[in-house]
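Only one structure is covered here, and it is reproduced in the block below.
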Amino acid sequence: TGIPPYFKRMYVCLADVREGFLDGCRKYLGLDGCFLKGVVNEHLKVDIRTKDGGEWTFMSDKQKGLLNEVQAIFPQAEHRLCARHIYAIWYLNFRGEQMKLAFYSIAKCANEAQLRQRLDEIDSIQTGAKQSLENKDINKWCRAFFKSGTKCDCVDNNSTEAWNYVLIYARSMPIISMNESIRECLMERRIQRINFASKWKLDCGPNIMDIMNENCTAGCKWKIKWNGADEFQVYYGRTQH
């Protein structure tokens, strides 16, 4: 026909992966430019088949271009900012390991009451820290403000950026070879996860068990009051739920 051949798209979806995604979908995507390094200087993209972003949550760094584009294309989506990038800028004026730990304790606060307490604490360590954090769109990188429906409480974009780094050599390959390299990488990762999980002594991993045990120990200090129906008020000191 005289038209040079070109690659348009490919679709790969195993039945188990598709069913698992639909049953327990966490509509969360980390954004990080995946530039191809070969003769085709474009981006590797994923089509999520959504119009306004409705139930989706996006995570990115604070690039002005990304902020504007996400708002324009997915006006109804939640857009989180990577706490690690926020810290990298904030760190220039508030250095030290103590300030770093205090920053991430704020980023991971579960509710606004806890957040206000942590902000007061960090201001007692270094004056001006509280005001500085409140000026950095804190509602976009602090867990206390995240939508619960996403079922994801990540405060950084590390997993997306780490995956991009894993693909750094594959991105310099031709399209078919690149996809084959990605397939092999995913296969090897799956085997690693299976081998790791086979060593578990219980139904969940050791890190999860550590968190559960820590919470159980802390929970022993809490007291409860029955509300007369099917719910309880729990409280400890000045904190209650």
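Per my numbering, the sequence shown runs over residues 604 to 844. Every residue gets a Cβ at the ideal spot worked out from N, C-alpha and C, and that includes glycine. These figures come from a predicted structure and were not determined experimentally.
Item checked: Through-space distance from residue 675 to residue 743, alpha-carbon basis -> 17 Å
Next item on the list: Helix, strand or coil for residue 633, going by three-state DSSP, please let me know.
Entry: strand
Notebook entry, point to check: Roughly how many angstroms separate the alpha carbons of residue 781 and residue 793, rounded to a whole number?
Noted result: 18 Å
Check: To which residues of the same chain is residue 805 closer than 7 Å at the C-beta, ignoring the five residues directly before and after it?
Finding: 812
Item checked: First and last residue of the uninterrupted alpha helix (DSSP H) at residue 733 -> 732–737
Check: Near residue 631, what residues of its chain come up, given a Cβ to Cβ distance below 6 Å and the 5 sequence neighbours on each side ignored?
Finding: 660, 753, 755
Checklist line | Residues that DSSP places opposite residue 836 in a beta bridge | finding: 828
Next item on the list: Ignore the nearest five residues each way along the sequence and tell me which others in residue 728's own chain have a CB closer than 8 Å to its CB.
Entry: 701, 702, 705
Notebook entry, point to check: Roughly how far, in whole angstroms, is the beta-carbon of residue 548 from the beta-carbon of residue 687, given that I think they are within contact range, below 8 Å?
Noted result: Past the boundaries of the shown model lies residue 548; the chain is included only from 604 to 844, so the question cannot be answered.
Note to self: Tell me which residue opens and which closes the alpha helix (DSSP H) that residue 706 is part of.
What the structure shows: 700–710
Note to self: Let me check understanding here. Comparing Cα to Cα, which of 798, 779, 833, 823 lies closest to residue 612?
What the structure shows: 779
Checklist line | Contact test: residue 671 Cβ vs the ligand GTP heavy atom, cutoff 8 Å | finding: Looking for the ligand GTP in the displayed structure turns up nothing, as the structure carries no ligands at all.
Check: Can you tell me the Cα-Cα spacing of residue 730 and residue 745, whole angstroms?
Finding: 20 Å
Checklist line | Anticipated Cβ contact below 8 Å, residue 839 with residue 828, distance rounded | finding: Actually they are not in contact, since the Cβ atoms of residue 839 and residue 828 sit about 12 Å apart, beyond 8 Å.
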